[in-house]
Amino acid sequence: MSAAGIPAGPVAGPRRVVLTGCGVLSSIGNGVAEFTTALRAGRVGTGDITVFDTTGFPSRRGHQVHGFDAATALHRVRPEHSGRATQFAAAAARMALDDAGLDEAWLRERRGTVVVGTTDGEVGELDLLTRSALAIGLGAFTGAALSRTATGSLALGVVRELGLSDVESSTIATACAAGNYAIGAGFDAVRSGRSAWALVGGADALNRKTFAGFARLGLVAPDECRPFDADRVGLLTGEGAGLLLLESEESALARGAHIYAEVLGYGLNCDASHPTTPEENSVARCIRLALESASVKPDEVDLISAHGTGTRTNDTTEIAAIRQVYGDEVPRTVGVKGMIGHTMGAASALGAIASALAIRHGFIPPTANHRSTDPDCPVDVVPNASVPADVRIVQNNGLAFGGNNAVVLLGRHESHRGESVR
Amino acid sequence: MNVNTPVDVPAVRAIITDILELDDDELTGTSLFIEDHGADSLGAIEILSRIEKELGVVIPQDALVKLVHLDAVLDVLATAERRTP
Amino acid sequence: MSTAVITAWSAVSPYGTGRAPLAAGLRTRTAPPESAGPEEWTAQPAATARVVPGFEVREALGKAGTRGMDRLTGLAAVTVREVLSGEPPAGEDGDLGTGIVLGTASGSIQGFMEFTKASLEGERPIDVMPSRIPNMAMNRAASAGAIRHALKGPNTTVAAGRLSGLVALDQACRLLADGRAERMLAGSAEEFSATRAHLTRAAHGDGVVLGEGCVMVLLEHGDTATGEPLAEVLAVHHRVAPPGEFTAALTAAVRAALAEAGVPSGTVWAAVPGEAPGPAGEQERRVHEELFPADVRARAASVALLGETAAATGAYQLAALLSEPGEPGRIALVTATDPDGPVGCAVLRLLTEGESA
């Protein structure tokens with residue numbers, strides 16, 4: 003569809019956009035069923051990282067995906083020709099498609115949008131290339147390396163895996179908010195009628211480069227990530243993928259799809275102040291933009307899925323920003339990174355899926371590893387154990403290095419028209 | 005184990021003036037890295053990192069907040085541990 | 223819904239800094255000189271490329287906030303400065319309504335590999351360069367441009383190989399159309415590095431001459447634009463070709479873009495292909511031969527003049543159109559073809575007589 007023209011199609015005006023399929027790879031489980039069970043149980047997926055050599059690092063703990071067999075998970079993308087993050091994106095997209103009760107033919111019959119968010123793309127492949135170049139010199143640069151290391155490979159992996167062609171595809175590399183950026187792009191594409199469906203989310207694979215960077219910054223926790231805890235000392239790097247299948251409400255109802263949630267709106271902005279330190283007023287503005295986009299008032303929000311990295315600075319700044327918007331009536335605010343680690347570009351996509359599961363199944367996933375809440379983070383973080391709750395609207399935060407903020411609002415979808423959650 | 009040899013003050017000064025891009029006479033014992041010299045949090049980490057590497061010591065990460073001026077760096081170094089290979 | 227118009231543009235290119243040298247070079251069809259690239263770990267001493275002459279990040283931008291900044295970020299930040307030159311600096315609250323969408327292939331791969339090398343070779347694996355850590359996020363270039371000019375609108379980094387420039391243009395137009403920003407800077411960038419040269423030559427042959435640079439356009443709503451509209455973005459359409467078979471998918475993309483723009487193929491005044499290396503570029507040229515007469519194909523400069531500019535190519539193609547003189551109202555298009563599959567087309571209406579020579 004045109005960049006700026008009027009969308010073609012039978013439905014006039016913006017469409018409502020619903021989430022009907024989820025694909026998940028995470029340290030606490032692969033597939034949406036395992037992920038749901040683990041979130042409800044408050045399972046923590048921390049372990050020793052084995053995807054690269056951690057010898058000599060102050061800690062080797064992180065959140066690695068286990069039980070992922072690319073050869074089984076992927077039908078078309080060849081594992082030997084693609085990097086780990088691309089494999090994750092493609093496999094999670096296939097899972098989302100299956101979960102939505104759709105097949106490739108359905109996608110091929112309609113124009114669609116594929117947007118995958120990421121922090122590192124295939125930096126893991128560049129790590130390997132670096133090691134080879136140091137060992138054998140310039141012969142390490144082979145003909146396939148350019149494509150393999152390209153960041154666009156993630157979205158393209160989804161397109162190739164599902165055998166698609168009439169699809170606009172891009173990878174969004176806005177670091178740790180990229181998942182929410184991708185959801186926003188897919189939301190706009192479906193809402194405007196430019197695309198009939200969107201497969202959007204995020205993927206990242208553990209790699210040495212990013213592990214070394216966070217370790218050098220002193221931001222890596224020695225044992226567990228404890229969002230909003232008084233004694234928190236940092237994050238744990240993680241990997242995974244979260245892919246969401248979005249379609250119009252009309253499409254989902256027509257085919258009798260199981261609807262997790264409605265995407266109500268989103269906000270994007272940039273702190274434009276510091277490369278690595280978040281800025282409270284700007285984060286608050288992003289939250290307001292998202293609420294406005296979704297036509298949601300703060301008192302209608304039941305749950306905030308925070309960025310919640312477990313670093314001193316992020317958590318204090320984020321909670322202060324939330325309190326600017328919500329005052330003293332802050333909804334329960336959880337950090338799922340205690341369970342799944344910081345999955346970088348996948349983080350806000352997995353946060354969005356966790357939010358949708360909270361809406362769909364009526365529970366609030368806990369903030370794990372919690373001992374006592376930081377007085378500077380005075381909110382109910384739902385420590386350690388999930389609680390049943392009637393969750394209608396969730397705010398999902400993504401905050402990135404570079405001051406790139408993205409906030410997505412999800413709401414319960416009421417199947418009878420006129421009983422919208424709004 | 006503690007560093008028993010005296011801290012190499014000129015080396016520390018050289019690292020700090022290089023990172024903060026100062027002339028030597030701009031850096032005093034108590035001129036503040038952030039307020040007076042325009043450094044940010046990454047500058048402090050860079051100072052810590054370079055000192056660790058070039059002087060062969062280990063500075064605990066929680067000392068980072070103390071590294072506000074040259075004298076404070078020298079104080080931290082006085083109790084820093086040598087790197088073990 | 224209003225259409226998006228381009229009201230300013232600039233560049234950092236192998237012709238030098240700013241719009242004028244690039245526009246003059248393209249108009250006169252003069253290739254920029256080749257020179258030696260920056261000194262790097264994997265550099266081959268005699269290698270040359272069409273690099274931005276004498277470009278040093280800290281000389282170009284000053285010392286403040288640029289310690290450790292990579293070349294890609296420097297090129298993008300200078301381009302943002304050039305596009306916004308002549309505007310008063312943003313007030314205390316910053317420029318809330320202006321955002322950036324920047325296309326890149328993979329950030330600074332040279333920087334990433336040097337960081338990993340430091341981790342592998344250091345006495346300890348965390349002996350990496352702290353000042354380079356901000357570069358480790360691929361959104362560094364887009365966010366640095368925002369930080370330097372207090373641009374607090376949406377700030378997006380897109381990676382779509384050689385489609386990056388078109389995808390950035392498309393995303394920026396959508397953010398405007400959806401009311402998420404008042405003005406958007408859109409463009410794409412590529413740095414020269416020894417690593418990129420090795421990767422490119424291994425994939426596409428030793429004869430490839432690399433180029434680099436960054437081009438950005440400033441987009442505003444057509445009905446509220448404060449600057450003089452230089453061009454109107456009528457449509458952007460992209461899709462993915464089956465492996466190795468670009469012709470049909472690119473033809474479909476061009477037809478879809480023209481249909482969305484509401485202009486017949488016969489009215490196209492200029493068509494600029496992306497000049498991808500290998501079969502992708504060959505098939506793209508044949509599509510142009512099939513769809514457009516020779517004079518249409520020759521009206522604007524070929525981006526091949528600049529060398530292989532990868533992710534920056536799409537933005538350079540826009541520059542080629544915006545540099546070419548002619549009557550207001552001309553319809554022009556660019557196509558992009560990525561050897562990995564993505565293909566696309568953007569259709570513009572050029573609204574001025576072009577740059578005066």
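Protein chains in written order, with this note's numbering: chain A, 3 to 424; chain B, 5 to 89; chain C, 223 to 579. Beta carbons are placed, not taken as given, at the ideal position from N, Cα and C, and that holds for glycine.
Could one say the Cβ of residue i lies closer than 8 angstroms to chain C's Cβ atoms, at least one of them?
i, result
"D1(A)", "Since the first residue of chain A shown is 3 and the last is 424, residue 1(A) is not available in this structure."
"G404(A)", "yes"
"A84(B)", "no"
"I49(B)", "yes"
"T132(A)", "yes"
"E39(B)", "no"
"E25(B)", "yes"
"L109(A)", "no"
"G11(A)", "With a pLDDT of 45 at G11(A), under the threshold of 50, the predicted position of this residue should be treated as unreliable, though the coordinate-derived value follows. It does not; no Cβ of chain C falls within 8 angstroms."
"E170(A)", "yes"
"A274(A)", "yes"
At least one CB of chain A closer than 8 angstroms to the CB of residue i: is that the case?
i, result
"C567(C)", "no"
"L36(B)", "no"
"R571(C)", "no"
"A558(C)", "no"
"G383(C)", "yes"
"S341(C)", "yes"
"L68(B)", "yes"
Hey, would you say residue i sits closer than 8 angstroms to residue j, going by beta carbons?
i, j, result
"L305(A)", "V410(A)", "no"
"L131(A)", "A142(A)", "yes"
"G563(C)", "L166(A)", "no"
"L81(B)", "I55(B)", "yes"
"A226(C)", "C395(C)", "yes"
"V274(C)", "E506(C)", "no"
"S28(A)", "T315(A)", "no"
"A492(C)", "A457(C)", "no"
"V19(A)", "E331(A)", "no"
"A441(C)", "L385(C)", "The residue you asked about is not Ala; residue 441(C) is Leu in the sequence shown. No. Outside cutoff."
"G318(C)", "G375(C)", "One detail in the question is off: residue 318(C) reads as Leu in this sequence, not Gly. Yes, the pair counts as a contact, with Cβ atoms nearer than the cut-off."
"A286(A)", "G316(C)", "no"
Between the Cα of residue i and those of the options, spot the shortest distance and give me the residue it belongs to.
i, options, result
"R552(C)", "V565(C), P376(C), V518(C), A447(C)", "V518(C)"
"F213(A)", "V53(A), D392(A), A243(A)", "V53(A)"
"V161(A)", "T115(A), I185(A), S297(A)", "T115(A)"
"D29(B)", "V13(B), E39(B), R17(B)", "R17(B)"
"E261(C)", "Q332(C), E530(C), V302(C)", "Q332(C)"
"P390(A)", "I366(A), I324(A), L140(A), D55(A)", "I366(A)"
"V490(C)", "A474(C), A522(C), A411(C), G284(C)", "A522(C)"
"I138(A)", "V380(C), T264(C), P486(C)", "T264(C)"
"R196(A)", "S365(C), A478(C), A447(C)", "A478(C)"
"R362(C)", "L359(A), E163(A), N406(A)", "N406(A)"
"A354(A)", "E302(A), D71(A), Y183(A)", "Y183(A)"
"T448(C)", "G401(C), R405(C), L472(C), G238(C)", "R405(C)"
"T252(C)", "L528(C), P561(C), L543(C)", "L528(C)"
Should residue i be flagged as near chain B, meaning a C-beta pair shorter than 8 angstroms?
i, result
"K285(C)", "yes"
"S353(C)", "yes"
"S4(A)", "Because S4(A) sits at a pLDDT of 42, beneath the cut-off of 50, its placement in the model cannot be relied upon, and the point is left open."
"D349(C)", "yes"
"L219(A)", "yes"
Given 7 angstroms as the limit, tell me if residue i has its C-beta closer than that to any heavy atom belonging to the ligand PLP.
i, result
"T39(A)", "In the structure on display, the ligand PLP does not appear, and there are no ligands present to speak of."
Just to check my reading of the structure: residue i and residue j have Cβ atoms closer than 8 angstroms, yes? What is that Cβ distance to the nearest angstrom?
i, j, result
"A403(C)", "T320(C)", "7 angstroms"
"H460(C)", "V565(C)", "7 angstroms"
"G267(A)", "S155(A)", "Contact flag wrong, Cβ pair sits at about 30 angstroms."
Note to self: Quick test of the definition: if touching needs 3 or more C-beta pairs under 8 angstroms, does the stretch 36-44 of chain A touch the stretch 256-265 of chain A?
What the structure shows: no
Next item on the list: May I ask you to verify whether the stretch 228-242 of chain A touches the stretch 141-153 of chain A, counting CB pairs closer than 8 angstroms and requiring at least 3?
Entry: no
Margin query: Under 8 angstroms: do the stretch 38-54 of chain B and the stretch 338-357 of chain C share three or more Cβ pairs, one atom per stretch?
Written below: yes
Note to self: Under 8 angstroms, with one C-beta from each stretch per pair, do the stretch 90-107 of chain A and the stretch 196-214 of chain A reach the 3-pair mark?
What the structure shows: yes
Check: Using 8 angstroms as the Cβ pair cut-off and three pairs as the minimum, do the stretch 318-338 of chain C and the stretch 105-121 of chain A touch?
Finding: no
Check: Is it a yes or a no for the stretch 364-383 of chain A touching the stretch 278-288 of chain A, going by three-plus beta-carbon pairs under 8 angstroms?
Finding: no
Check: With contact counted as at least three CB pairs below 8 angstroms, one residue from each stretch, are the stretch 282-301 of chain A and the stretch 400-414 of chain A in contact?
Finding: yes
Next item on the list: Tell me, please, whether the stretch 233-243 of chain A touches the stretch 61-71 of chain A by the rule of three or more beta-carbon pairs shorter than 8 angstroms.
Entry: yes
Item checked: Meets three-Cβ-pair contact criterion under 8 angstroms: the stretch 296-314 of chain C and the stretch 229-237 of chain C -> yes
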